[in-house]
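Undergrad: Residue numbers (our numbering), protein chains in the order written: chain A, 1 to 209; chain B, 210 to 418. The beta-carbon is built from N, C-alpha and C at its ideal position, and this holds for glycine as well.
Protein chains: 2
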Amino acid sequence: MELFTYYRSSAAYRVRIALNFKGIQYDAVPINLLTGEHKEEKYQRISPQGLVPALRLDDRKIMTQSTAILEWLEESHPAPALLPDDSYQRGVVRSWANIVACDIHPIDNLRVLNYLVGELGANDEQKQAWYQHWIKLGFDVLESQIKANPYCHGDQVSMADIYLIPQVYNALRFKFDMTSYPKILSVYERCNQLDAFIQAAPENQPDAV
Amino acid sequence: MELFTYYRSSAAYRVRIALNFKGIQYDAVPINLLTGEHKEEKYQRISPQGLVPALRLDDRKIMTQSTAILEWLEESHPAPALLPDDSYQRGVVRSWANIVACDIHPIDNLRVLNYLVGELGANDEQKQAWYQHWIKLGFDVLESQIKANPYCHGDQVSMADIYLIPQVYNALRFKFDMTSYPKILSVYERCNQLDAFIQAAPENQPDAV
Numbered sequence: 001m002e003l004f005t006y007y008r009s010s011a012a013y014r015v016r017i018a019l020n021f022k023g024i025q026y027d028a029v030p031i032n033l034l035t036g037e038h039k040e041e042k043y044q045r046i047s048p049q050g051l052v053p054a055l056r057l058d059d060r061k062i063m064t065q066s067t068a069i070l071e072w073l074e075e076s077h078p079a080p081a082l083l084p085d086d087s088y089q090r091g092v093v094r095s096w097a098n099i100v101a102c103d104i105h106p107i108d109n110l111r112v113l114n115y116l117v118g119e120l121g122a123n124d125e126q127k128q129a130w131y132q133h134w135i136k137l138g139f140d141v142l143e144s145q146i147k148a149n150p151y152c153h154g155d156q157v158s159m160a161d162i163y164l165i166p167q168v169y170n171a172l173r174f175k176f177d178m179t180s181y182p183k184i185l186s187v188y189e190r191c192n193q194l195d196a197f198i199q200a201a202p203e204n205q206p207d208a209v
Numbered sequence: 210m211e212l213f214t215y216y217r218s219s220a221a222y223r224v225r226i227a228l229n230f231k232g233i234q235y236d237a238v239p240i241n242l243l244t245g246e247h248k249e250e251k252y253q254r255i256s257p258q259g260l261v262p263a264l265r266l267d268d269r270k271i272m273t274q275s276t277a278i279l280e281w282l283e284e285s286h287p288a289p290a291l292l293p294d295d296s297y298q299r300g301v302v303r304s305w306a307n308i309v310a311c312d313i314h315p316i317d318n319l320r321v322l323n324y325l326v327g328e329l330g331a332n333d334e335q336k337q338a339w340y341q342h343w344i345k346l347g348f349d350v351l352e353s354q355i356k357a358n359p360y361c362h363g364d365q366v367s368m369a370d371i372y373l374i375p376q377v378y379n380a381l382r383f384k385f386d387m388t389s390y391p392k393i394l395s396v397y398e399r400c401n402q403l404d405a406f407i408q409a410a411p412e413n414q415p416d417a418v
């Protein structure tokens, strides 16, 4: 498989963790979001949205959108599992993942921040306040809900950890104050001791600057 | 089951369609997002995020986040299916659903538009431009990718239709020009001939104004 990725993309980071966790070999194809490589026609043939990640399964099949890719990985490579067996608990894990996937990351990501500054003339303080507002809403709820013993959903790594860790990495990069989130931080530290997470980290990617 | 819902919420609308489509009876519990009922302590005990939808499965189990709820519905009530049998095609359908769930709706929803106006002082024109920018990016890709013969993924209703129709309803309410999207519009019109979609429409909810 080929993963079209960018080292700092949270969504690509999620898929890198899952591929590593399930022991699936892949070739990383870096797409430079800073130089606009994702907007070139060549890449638009891979991902019509011009976003990373995209996963090439074979000569004819490419999958986009990290959540679709992660569900496909879980269905096609079920062991080790990233969702619990219990039907209701699967929903709980997915709801925590969705808080990051839908209610934090899309609002706080690079293209939205660029629009705020470029089109609406937001200054640095306003941009930072925006970022902090949305991540605080999401992290407040996650901190109150996750188990953190030691992972989000208990003693097994789950989809919830796979979404949370890249978002925490991003939060720290934006100097978001994490002192109110001891459970989230403990999950972050614990996950970052695992090979699957370490090898997926931005600084360990071939395109890291 | 009890569905905590608001008639105009796109995310609640998705779940209403799916419940109807699968023939699952539920009681609607309206939560008024305009009067701030979702921010009251009573509702925060149902949904710590203070968002709709939330689905009460029984006395002890409540599920939040529409994508988690829809995946749970598909797993627990598999017929009629909302995802194809083929593993790759399931990913394709989910990727289209995710374009709406992650890349349009969270950026264009009420709480974000309220922040733009209230905190950043955006005027009506800027708010409208913001709305149109993000929906155009998403709809351009969906228009080029979906099959629309007659539904997004062919002759069966799928998750993709369940995400798309509430977003189109919202677009029309914001007077977004849909003339460049004949395939999306044809799916919209076709779905709105089905009972599951008609009964889930905002104007047919008990709390519709």
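#1: Whose C-beta lies closer than 8 Å to the C-beta of Pro411 (chain B) among residues of the same chain, with five residues either side of it excluded?
#2: Between the Cα of Leu242 (chain B) and those of B:Gln335, B:Ile233, B:Arg320, B:Tyr340, spot the shortest distance and give me the residue it belongs to.
#3: Pairing CB atoms from the segment 366-376 of chain B with CB atoms from the segment 280-296 of chain B, are three or more of them under 8 Å?
#4: What three-state label does DSSP hand Phe197 (chain A) in the structure shown?
#5: Just verifying my parser: in three-state terms, what is the DSSP assignment at Asp236 (chain B)?
#6: Going by C-alpha to C-alpha distance, which of B:Leu394, B:Asn229, B:Leu212, B:Glu211 sits closest to Phe406 (chain B)?
#7: Which residue comes first and which comes last in the alpha helix (DSSP H) that contains Ile107 (chain A)?
#8: What would DSSP say about Gly363 (chain B), mapped onto helix, strand or coil?
#9: According to a CB-to-CB cut-off of less than 8 Å, which residues of the segment 100-120 of chain A neighbour chain B?
#10: Based on DSSP bridge pairs, tell me the residues matched to Met159 (chain A).
#11: Return the residue from the list B:Cys400, B:Asp317, B:Met210 that minimises the CA-CA distance to Ile344 (chain B).
#12: Going along chain A in order, which residues have a C-beta closer than 7 Å to the C-beta of Arg254 (chain B)?
#13: Would you mind telling me which residues of chain B sit closer than 8 Å to Pro48 (chain A), beta carbon to beta carbon, in chain order?
#14: Going by CA-CA distance only, name the one from A:Ser66, A:Arg45, A:Gln49, A:Trp72 that's closest to Asp59 (chain A).
#15: Return the first residue and the last residue of the beta strand (DSSP E) that Arg56 (chain A) is part of.
#16: Pull up the distance between the alpha-carbon of Leu55 (chain A) and that of Leu260 (chain B), whole angstroms please.
#17: Report the rounded CA-to-CA distance for Glu246 (chain B) versus Lys384 (chain B), giving the unit in angstroms.
#18: Does any CB atom of chain B fall closer than 8 Å to the CB of Leu57 (chain A)?
#19: Counting only Cβ-Cβ distances shorter than 9 Å, please list the residues of the segment 65-80 of chain A near chain B, keeping chain order.
#20: How many whole angstroms separate the CB atoms of Lys274 (chain B) and Asn98 (chain A), which I take to be in contact at a CB cut-off of 8 Å?
#21: Below 8 Å on C-beta distance, what does Ser296 (chain B) contact in chain A?
#22: Specify the secondary structure class of Ile271 (chain B) as computed by DSSP and reduced to three states.
#23: Would you call the CB atoms of Ser95 (chain A) and Met272 (chain B) closer than 8 Å?
#24: My assumption, with CB atoms under 8 Å, is that Lys231 (chain B) sits in contact with Leu282 (chain B). Please give the rounded CB distance.
#25: Which of helix, strand or coil does DSSP assign to Phe385 (chain B)?
#26: Check distances from the C-beta atoms of the segment 222-246 of chain B to those of chain A and list, in chain order, the residues that come in under 8 Å.
#27: Please classify Glu71 (chain A): does DSSP put it in a helix, a strand, or coil?
#28: If you follow the beta strand (DSSP E) that Leu212 (chain B) is part of, which residue opens it and which one closes it?
#29: Looking at chain A, is there any beta carbon in it that lies within less than 8 Å of the beta carbon of Ala357 (chain B)?
#30: Could you work out which residues of chain B lie near Ser95 (chain A), taking near to mean beta carbons separated by less than 7 Å?
#31: DSSP three-state call for His286 (chain B): helix, strand or coil?
#32: So, Ala357 (chain B) versus Ser395 (chain B), is the Cβ gap smaller than 8 Å?
#33: Rounded to the nearest angstrom, how far is the Cβ of Pro48 (chain A) from that of Val15 (chain A), given a contact under 8 Å?
#34: Look at Leu212 (chain B) and Tyr88 (chain A) and say whether their C-beta atoms are less than 8 Å apart.
#35: Entirely within the segment 318-355 of chain B and at least 4 residues each: give me those alpha helix (DSSP H) ranges in chain order.
TA: Considering the structure as presented:
#1: Tyr216, Arg217, Tyr222, Tyr378, Ala417
#2: B:Arg320
#3: yes
#4: helix
#5: strand
#6: B:Asn229
#7: 105-108
#8: strand
#9: Ala101, Cys102, Asp103, His105, Pro106, Ile107, Val112, Tyr115, Leu116, Glu119, Leu120
#10: Partner(s): none; Met159 (chain A) has no beta bridge.
#11: B:Asp317
#12: The premise fails here: Arg254 (chain B) is roughly 12 Å from chain A at the closest Cβ pair, so nothing lies under 7 Å.
#13: Val350, Ser353, Gln354
#14: A:Arg45
#15: 54-56
#16: 32 Å
#17: 28 Å
#18: yes
#19: Gln65, Ser66, Thr67, Ala68, Ile69, Glu71, Trp72, Glu75, Ser76
#20: Here residue 274 (chain B) turns out to be Gln, not Lys, going by the sequence shown. At roughly 4 Å, the Cβ-Cβ gap stays under 8 Å, so Gln274 (chain B) and Asn98 (chain A) are in contact.
#21: Trp72, Glu75, Ser76
#22: strand
#23: yes
#24: 6 Å
#25: coil
#26: none
#27: helix
#28: 211-214
#29: no
#30: Met272, Thr273, Gln274, Ala277
#31: coil
#32: yes
#33: 18 Å between Cβ atoms; not a contact.
#34: no
#35: 319-327, 333-354
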